[in-house]
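Trainee: Have a look at this one before I ask anything.
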């Protein structure tokens, strides 16, 4: 597995994530940074919920809930990938959470916009605002002051985010389109668990993620040709990871005699030498991509079962016959 990371040198990352001067990143990873899952913005909202006036939980200094009779105040939002980066010009989704007269004890979504620099009309009070770009996001509290009081002209958010693009190689060449997909998980948390960030992602797609360590699981085909690795996404940079698969392609057929016609409606089971199931399928000529190794192939037809032991090598394309004996 090769990992490369590069800063954006000629165009803003929010625009293209392109035009890179790529440098190789060493295999040693920096100290872990907590990666955020796709649902973390909601967790952040719940943790930062606007306090209820009747709650026993102390509100932050200066916090107050929106007043129904107060005049709305225009509040403009903007975001950057890094603190010193360019203002993001597209691809943002903004969500504003707060309390309403109809629901004074719950924090609800009260406004959202898909705009780079939206302006929200908000009554004075405390709100929780989430800014998201792809799977990169940040959630924080915003206090709106009454009209005439000193209010920041723009609420600025820093996503602390970068990009990740994965390439899949098979025997040193790019994998065929739609034969590989990968899943992204967060780094392990204090309980040694990972959170799912994204699934069924195709190679070559740039994913926007918060800076941190991520675990990638890449699957070639529909069986057990799987490789995985950890990558570090840096804020303001595009990280590229190349994962290399080793696999064999096998077509299975049940025949009455060697070289005969494949029998239809055959039920197939492919097992490891330990008896673990790798794949099941039904058909006359199912084709599967498998990791190199030894397998037990079982074919069931007309109430009878037949099996064969087979070994597959990396890069091999073969036909496996199971003879009815």
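Residue numbers (my numbering): 125 to 449.
Virtual Cβ for every residue (Gly too), placed ideally from N, Cα, C.
From the DSSP output, in three-state form, read off residue 506 for me.
Mentor: Since the first residue shown for the chain is 125 and the last is 449, residue 506 is missing from the structure and cannot be characterised.
Trainee: Return the first residue and the last residue of the beta strand (DSSP E) that residue 245 is part of.
Mentor: 243–246
Trainee: Is the stretch 339–351 touching the stretch 405–425, taking contact as three or more C-beta pairs under 8 Å?
Mentor: yes
Trainee: Opposite residue 289 in the DSSP bridges: which residues?
Mentor: 364
Trainee: Which term fits residue 315, buried or exposed, when burial requires 16 or more other beta carbons within 10 angstroms of its beta carbon?
Mentor: exposed
Trainee: Considering just the uninterrupted stretch of the beta strand (DSSP E) at residue 266, what are its terminal residues?
Mentor: It spans 260–268 - the beta strand (DSSP E) in which residue 266 sits, taken as one unbroken run.
Trainee: Buried or exposed, going by whether 16 or more other CB atoms sit within 10 Å of the CB of residue 436?
Mentor: buried
Trainee: Is it a yes or a no for the stretch 386–396 touching the stretch 311–329, going by three-plus beta-carbon pairs under 8 Å?
Mentor: no
Trainee: So, at 8 Å on beta carbons, what are the nonlocal neighbours of residue 291 in its own chain, with the 5 sequence-adjacent residues on each side left out?
Mentor: 298, 327, 328, 364, 365, 366 and 367
Trainee: Is residue 206 near residue 282, with beta carbons less than 8 Å apart?
Mentor: yes
Trainee: Starting from the Cα of residue 288, find the closest Cα among 266, 261, 264 and 338 and give me that residue.
Mentor: 338
Trainee: Starting from residue 312, follow the beta strand (DSSP E) in both directions and report where the run begins and ends.
Mentor: No beta strand (DSSP E) holds residue 312; DSSP gives it neither H nor E.
Trainee: Can you give me the start and stop residues for the beta strand (DSSP E) that residue 420 sits inside?
Mentor: 417–425
Trainee: In chain order, what residues of the same chain have a beta carbon less than 7 Å from the beta carbon of residue 221, not counting five sequence neighbours either side?
Mentor: Same-chain partners within the cutoff: 169, 231, 232, 233, 234, 251 and 252.
Trainee: What does DSSP give as the partner residues of residue 198 in its beta bridges?
Mentor: 245
Trainee: May I have the straight-line CA-CA distance separating residue 162 from residue 350, to the nearest angstrom?
Mentor: Reliability fails at residue 162, whose pLDDT of 37 lies under 50, so the model's placement of it is uncertain and the value that follows must be treated cautiously. Those two C-alpha atoms are separated by around 23 Å.
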